[in-house]
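Worksheet: one structure, shown below.
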Amino acid sequence: GIGYINGKFTNLDELVLPIDERGHQFGDGVYEVIRVYNGTPFMLDEHLDRLINSSKAIKLPITQTVEDFKNLILEAVDKSQLMDCNVYMQITRGIVTRNHLFPTVPVSITMTVRPAKLISQTTREKGETAIFHEDERWANCYIKSLNLLPNILAKQTAFEAGCYEAILVRDGYVTEASSSNVFIIKDGKVFTTPLSKQILPGITRMAVKNATNLLNIDFIDKNFTPEELLEADEVFVTSTTSEVLPIVKVDGKLIGTGKPGEVTNRIYQQFLKLI
Ligand code: PDD
2 GIGYINGKFT NLDELVLPID ERGHQFGDGV YEVIRVYNGT PFMLDEHLDR LINSSKAIKL
62 PITQTVEDFK NLILEAVDKS QLMDCNVYMQ ITRGIVTRNH LFPTVPVSIT MTVRPAKLIS
122 QTTREKGETA IFHEDERWAN CYIKSLNLLP NILAKQTAFE AGCYEAILVR DGYVTEASSS
182 NVFIIKDGKV FTTPLSKQIL PGITRMAVKN ATNLLNIDFI DKNFTPEELL EADEVFVTST
242 TSEVLPIVKV DGKLIGTGKP GEVTNRIYQQ FLKLI
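Here it is in structure tokens:
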């Protein structure tokens with residue numbers, strides 16, 4: 002892998018930031034995780050679009066253009082010599098003595114490129130498990146912010162319960178999961194939480210929408226409750242790192258037959274063709 006820090010490429014173990022960095026002190030920044038398949042970043046334009054939106058939403062004074070970011074990412078991937086990897090990029094409000102007010106220093110841009118950790122074939126065939134968890138996050142979850150405390154607490158709770166994901170519930174409805182979007186399938190139709198400030202507009206969610214279009218499967222933006230999820234025929238989650246991943250058990254209750262469903266599998270196969 003390779004690291005990048007404000008203009009310089011470095012080895013990953015030399016990637017060091019000063020204490021007075023606002024990402025470190027305030028979580029004052031945004032990030033993206035981009036998957037590279039066979040040397041090509043997947044849906045890079047969409048990721049950069051979201052990065053710019055997140056930056057604007059927290060008033061980061063970025064001077065870089067989409068083209069600049071694109072060139073930087075492609076250069077990093079090239080230098081890493083990795084074909085299948087994850088690019089992690091974060092932008093923060095810069096390096097300056099701690100003070101809550103916005104500084105007038107340039108933003109800080111850092112990046113890592115590391116080999117992609119694949120989900121094993123066995124896991125894909127068996128499906129994963131989840132718990133329901135209160136969505137304790139803030140009102141602007143559409144921003145891919147560095148502040149992930151509620152997410153990591155929920156994920157850790159899932160882990161300690163022997164599960165992979167925490168499906169977040171707010172006001173009686175499923176929003177998304179701690180690091181993925183959530184989908185249910187009922188009578189052959191795909192339902193997922195509508196885009197709003199309460200969820201991250203997942204890039205993989207977008208890819209799944211494209212896949213369902215190609216497969217002539219109905220894709221319906223609609224809120225659903227934990228009870229509706231438990232009564233679904235199939236459930237899956239999506240993210241850059243997990244792609245399309247079946248969930249077969251939630252809070253100890255089996256979804257459908259308790260095995261990854263056929264519709265989920267068709268969508269995953271179509272997703273792979275989009276890569
Ligand atoms: N997480 N929802 C949340 C809260 C997320 O953190 C993520 C991604 C997603 C899925 O988005 P996408 O399909 O664009 O990856 C949904 C990344 C991978 C992470 O934090 O590691």
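Going by UniProt numbering, the sequence shown runs without a break in its numbering and finishes at 276. For every residue, glycine included, the Cβ atom is placed at its ideal position computed from N, Cα and C. Computed from a prediction, not measured in an experiment: that's the story for all the values here.
Can you tell me where the alpha helix (DSSP H) with residue i in it begins and where it stops?
{"i": "methionine 207", "result": "204 to 216"}
{"i": "proline 151", "result": "150 to 161"}
{"i": "phenylalanine 27", "result": "23 to 27"}
{"i": "tyrosine 269", "result": "263 to 275"}
{"i": "alanine 77", "result": "67 to 81"}
Within the present structure, is the beta-carbon of residue i separated from the nearest heavy atom of the ligand PDD by less than 7 Å?
{"i": "asparagine 224", "result": "no"}
{"i": "glycine 203", "result": "yes"}
{"i": "threonine 242", "result": "yes"}
{"i": "glutamate 177", "result": "yes"}
{"i": "threonine 158", "result": "no"}
{"i": "asparagine 100", "result": "no"}
{"i": "serine 181", "result": "yes"}
{"i": "threonine 213", "result": "no"}
{"i": "threonine 239", "result": "yes"}
{"i": "arginine 125", "result": "no"}
{"i": "valine 191", "result": "no"}
{"i": "valine 170", "result": "no"}
{"i": "valine 34", "result": "yes"}
{"i": "arginine 206", "result": "yes"}
{"i": "asparagine 54", "result": "no"}
{"i": "asparagine 141", "result": "no"}
Might you give, ordered along the chain, the residues of its own chain that have their beta carbon closer than 6 Å to the beta carbon of residue i, omitting 5 neighbours on each side?
{"i": "aspartate 252", "result": "Ile132 and Phe133"}
{"i": "tryptophan 139", "result": "none"}
{"i": "isoleucine 162", "result": "According to the sequence provided, residue 162 is alanine. The question's isoleucine does not apply to it. For alanine 162, where only same-chain residues beyond five positions count, the Cβ hits under 6 Å are Ile132."}
{"i": "asparagine 182", "result": "Gly203, Arg206 and Thr239"}
{"i": "threonine 193", "result": "Phe184"}
Let me check one thing: in DSSP terms, what residues is residue i bridge-paired to?
{"i": "glutamate 235", "result": "Ile186"}
{"i": "proline 42", "result": "Val37"}
{"i": "aspartate 222", "result": "Thr193"}
{"i": "proline 116", "result": "Cys86"}
{"i": "glycine 30", "result": "Thr93"}
{"i": "threonine 98", "result": "Partner(s): none; threonine 98 has no beta bridge."}
{"i": "leucine 255", "result": "Lys250"}
Taking Cβ to Cβ, would you say residue i is nearer than 8 Å to residue j?
{"i": "isoleucine 186", "j": "aspartate 234", "result": "yes"}
{"i": "threonine 113", "j": "leucine 273", "result": "no"}
{"i": "arginine 206", "j": "threonine 239", "result": "yes"}
{"i": "threonine 98", "j": "leucine 18", "result": "no"}
{"i": "isoleucine 3", "j": "lysine 80", "result": "yes"}
{"i": "isoleucine 268", "j": "leucine 216", "result": "yes"}
{"i": "glutamate 22", "j": "isoleucine 96", "result": "yes"}
{"i": "phenylalanine 43", "j": "arginine 51", "result": "no"}
{"i": "cysteine 86", "j": "arginine 125", "result": "no"}
{"i": "isoleucine 20", "j": "leucine 45", "result": "no"}
{"i": "isoleucine 218", "j": "valine 191", "result": "yes"}
{"i": "alanine 77", "j": "tyrosine 5", "result": "yes"}
{"i": "lysine 210", "j": "phenylalanine 225", "result": "no"}
{"i": "leucine 275", "j": "alanine 208", "result": "yes"}
Leaving out five residues before and five after residue i in sequence, what residues of the same chain have Cβ atoms less than 7 Å from its Cβ?
{"i": "tyrosine 165", "result": "Glu129, Thr130, Ala131 and Ala159"}
{"i": "proline 227", "result": "Phe133, Val170 and Val175"}
{"i": "alanine 167", "result": "Ala131, Ile132, His134, Ala155, Lys156, Thr158, Ala159, Ala178 and Ser179"}
{"i": "methionine 84", "result": "Asn39 and Gly40"}
{"i": "glycine 262", "result": "Ile186, Asp234, Glu235 and Pro247"}
{"i": "glutamine 271", "result": "Ala212, Leu215 and Leu216"}
In the DSSP assignment, the beta strand (DSSP E) including residue i goes from what residue to what residue?
{"i": "glutamine 91", "result": "86 to 93"}
{"i": "threonine 130", "result": "129 to 135"}
{"i": "leucine 169", "result": "166 to 171"}
{"i": "isoleucine 248", "result": "244 to 251"}
{"i": "phenylalanine 10", "result": "9 to 11"}
{"i": "tyrosine 174", "result": "174 to 178"}
{"i": "glycine 4", "result": "3 to 6"}
Which residues in the same chain as residue i place their Cβ atom closer than 8 Å to its Cβ, once the five residues preceding and following it in sequence are excluded?
{"i": "leucine 147", "result": "Gly24, Gly28, Asp29, Gly30, Val31, Tyr32, Gln91 and Thr93"}
{"i": "histidine 101", "result": "Phe27"}
{"i": "valine 67", "result": "Asp46, Leu49, Asp50 and Ile53"}
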